[in-house]
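Only one structure is covered here, and it is reproduced in the block below.
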Amino acid sequence: MDTRNHQLNTGILSVSLSTILCIVLRGTASGQYSTLDTSVDPRTTAMGESFVAVPAYHGAMTYNPAGLAGIKGVSLSYGQINKNEGGVHGSRYLSFKGAIHTPIVDIGLLYTRHNYGEFLFTTEQYPDGPGEVFNPYDYTVGIGIAKGIGDFSIGMAAKRYDRSGVYAPSTIYRRTTTKPLLLDVGTVYTHSFSSNDDAPNQYVSVGLCFQNAGEDIKTETVDIFSMQTLSRFTTTIDLPQYLRIGLAYRFQTRAEIDDRLMPFHFMVTFEYRNRTNANQSAGRDYWGLGVEGTVYEIVSLRLGQYGYREESFVRLGAGLCAPLKKLGVDLPISVRFEYAAMVNDPSTDGDHLFLLGLQYNQEVF
Numbered sequence: 003m004d005t006r007n008h009q010l011n012t013g014i015l016s017v018s019l020s021t022i023l024c025i026v027l028r029g030t031a032s033g034q035y036s037t038l039d040t041s042v043d044p045r046t047t048a049m050g051e052s053f054v055a056v057p058a059y060h061g062a063m064t065y066n067p068a069g070l071a072g073i074k075g076v077s078l079s080y081g082q083i084n085k086n087e088g089g090v091h092g093s094r095y096l097s098f099k100g101a102i103h104t105p106i107v108d109i110g111l112l113y114t115r116h117n118y119g120e121f122l123f124t125t126e127q128y129p130d131g132p133g134e135v136f137n138p139y140d141y142t143v144g145i146g147i148a149k150g151i152g153d154f155s156i157g158m159a160a161k162r163y164d165r166s167g168v169y170a171p172s173t174i175y176r177r178t179t180t181k182p183l184l185l186d187v188g189t190v191y192t193h194s195f196s197s198n199d200d201a202p203n204q205y206v207s208v209g210l211c212f213q214n215a216g217e218d219i220k221t222e223t224v225d226i227f228s229m230q231t232l233s234r235f236t237t238t239i240d241l242p243q244y245l246r247i248g249l250a251y252r253f254q255t256r257a258e259i260d261d262r263l264m265p266f267h268f269m270v271t272f273e274y275r276n277r278t279n280a281n282q283s284a285g286r287d288y289w290g291l292g293v294e295g296t297v298y299e300i301v302s303l304r305l306g307q308y309g310y311r312e313e314s315f316v317r318l319g320a321g322l323c324a325p326l327k328k329l330g331v332d333l334p335i336s337v338r339f340e341y342a343a344m345v346n347d348p349s350t351d352g353d354h355l356f357l358l359g360l361q362y363n364q365e366v367f
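Start counting the sequence shown at 3; every next residue gets the next number (my numbering).
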């Protein structure tokens, strides 16, 4: 009798694991909580995620690969969001980005991962749980290229998306998942102008990008009990596809001497985003607005508004940058630290973002 109860509870646990994991991952794909549509960039987050029209930005892979065109040197960055999702231990987003300028094209690299945290499942008969712990996660890895042609830049990025869970040793649960290959394509047009005969110091840009064209994600789940198949089911979930369009205006004062610090830089951005494959009951429309002011290329302050459906939320941020060569150190390197806070968005529970970046400002090729 004890053996039968133990087998029954084991089977119940297996089904519970399958059901809960399916719910978690369905929520990920249908909402704004996967690595396909969550920014781990404090600068863009603080400005309402409105960067589809910003050119020559090393972190452009998240919004529009065409924005890579015009970057200088090489950059690397690490970003993180520490989340508070119902007290689950270890829940966080991680992001690694890289970009490099070459004489042919500008190249961007991206790896973003969302760890949902550690889960321990129990049954009524086993309140302490039989040691079944799993760590579901999803990740996106991608490479993008961009090229400037006159006032236009064009870009594309290929991305691989996957999600999975890591379990304690067990034979009661098996699962296989496809790994969709997705494509982003975009363009940015920039017009520069000035009030006199000097070099331009004002720019207006228009950006357009379509993201995540490609496959859906399919998951086959098999629960096994006493070498017999208890259940087998396959789920197909549409991955979010977005059409982004936006504007950016930039104004900058010139340094009195070349290779010296620029006194002031100001930028305003706006973006509209439509989820083209959302069902009728889900939200389709998103928008963002952001303002950034930078003094002597060192201190930046940012304010943004992010909205969807009939709600909008405030976002704040700041950045510190140390362009060593312009500060008198004979190294062509810039070190930066970025921070952003999602102030009143209940879905993020007051998340805070951090990023540390390193940029080599001389050409490698």
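Using N, Cα and C, we set each Cβ at its ideal position, and we do this for glycine too. Predicted model, so just to flag it, every value in this text is computed and none were measured.
{"Item": "So for K181, helix, strand or coil by DSSP?", "Value": "coil"}
{"Item": "Closest to W289 by C-alpha separation, out of F339, L245, R256 and A68, would be which residue?", "Value": "L245"}
{"Item": "Using the DSSP secondary-structure output, state which residues sit across from V206 in a beta bridge.", "Value": "H193 and Y251"}
{"Item": "Using only CA atoms, which one of N66, R317 and T142 lies nearest to V345?", "Value": "R317"}
{"Item": "By DSSP, does T40 sit in helix, in strand, or in coil?", "Value": "coil"}
{"Item": "With a 10 Å radius around its C-beta and 16 neighbouring C-beta atoms as the bar for buried, classify G248 as buried or exposed.", "Value": "buried"}
{"Item": "Across the region 256-264 and the region 272-282, are there enough close Cβ pairs to call them in contact, namely three or more that are closer than 8 Å?", "Value": "no"}
{"Item": "Out of T46, Q307, T37 and S36, state which residue places its alpha-carbon closest to the alpha-carbon of F356.", "Value": "T46"}
{"Item": "Measure the beta-carbon distance from V190 to S155 and round it to whole angstroms, keeping in mind my assumption that it falls under 8 Å.", "Value": "5 Å"}
{"Item": "Report the option in D140, S194, V187 and G152 whose CA atom is closest to the CA atom of A62.", "Value": "V187"}
{"Item": "Taking three-plus beta-carbon pairs below 8 Å as touching, is the region 35-54 in contact with the region 264-273?", "Value": "yes"}
{"Item": "I need the straight-line Cα distance from Q364 to S314, nearest angstrom please.", "Value": "41 Å"}
{"Item": "Return the bridge partner residues of I156 from the DSSP annotation.", "Value": "K149 and T189"}
{"Item": "Exposed or buried, G319, counting other C-beta atoms within 10 Å across all chains shown (16 or more means buried)?", "Value": "buried"}
{"Item": "Can you pull the DSSP bridge partners for R256?", "Value": "Paired residues: none, contrary to the question."}
{"Item": "So, at 6 Å on beta carbons, what are the nonlocal neighbours of H354 in its own chain, with the 5 sequence-adjacent residues on each side left out?", "Value": "A343"}
{"Item": "Please list, in chain order, all residues of the same chain as G110 whose beta carbon is under 6 Å from its beta carbon, the five residues on each side excluded.", "Value": "M63, L70, A101 and G146"}
{"Item": "Could you check the C-alpha separation between G152 and S207 for me, to the nearest Å?", "Value": "13 Å"}
{"Item": "When you compare the CB positions of G119 and S97, do they come within less than 7 Å of one another, or not?", "Value": "no"}
{"Item": "Suppose you measure from the CA of V54 to the CA of S77; what does that come to, to the nearest Å?", "Value": "20 Å"}
{"Item": "Which of the three DSSP states, helix, strand or coil, is assigned to G69?", "Value": "helix"}
{"Item": "Put T278 into one of helix, strand or coil per three-state DSSP.", "Value": "coil"}
{"Item": "Quick check on this structure: which residue in K181, R275, N84 and T37 has the alpha carbon closest to the alpha carbon of F212?", "Value": "R275"}
{"Item": "CB P325 to CB E294, shorter than 7 Å?", "Value": "no"}
{"Item": "Going by the DSSP bridge assignment, what does L245 pair with across the sheet?", "Value": "F212 and N276"}
{"Item": "Where P105 and L303 are concerned, what is the direct C-alpha to C-alpha distance, given to the nearest angstrom?", "Value": "33 Å"}
{"Item": "Taking Q204 as the reference, which of Q243, T255 and Y65 has the closest Cα?", "Value": "T255"}
{"Item": "Between the Cα of T142 and the Cα atoms of E217, K181, T114 and E340, which residue gives the shortest distance?", "Value": "T114"}
{"Item": "Please classify S194 as buried or exposed, where buried requires at least 16 neighbouring CB atoms within 10 angstroms.", "Value": "exposed"}
{"Item": "What did DSSP end up calling A201 once you bin it into helix, strand or coil?", "Value": "coil"}
{"Item": "Of the residues N214, G321, H60 and I83, which one's Cα is nearest the Cα of R162?", "Value": "N214"}
{"Item": "Excluding the 5 residues preceding and the 5 following Q34 in the sequence, name in chain order all residues of the same chain whose CB lies nearer than 7 Å to its CB.", "Value": "With a pLDDT of only 48 at Q34, under the threshold of 50, the placement of this residue in the model should not be trusted; the figure read from the coordinates follows. For Q34, where only same-chain residues beyond five positions count, the Cβ hits under 7 Å are T40."}
{"Item": "What does P325 pair with, by DSSP beta-bridge criteria?", "Value": "S336"}
{"Item": "According to DSSP, is D353 part of a helix, a strand, or is it coil?", "Value": "coil"}
{"Item": "Measuring CB to CB, does P44 end up less than 7 Å from Y341?", "Value": "yes"}
{"Item": "Buried or exposed: T238, going by 16 or more other Cβ atoms within 10 Å of its Cβ?", "Value": "exposed"}
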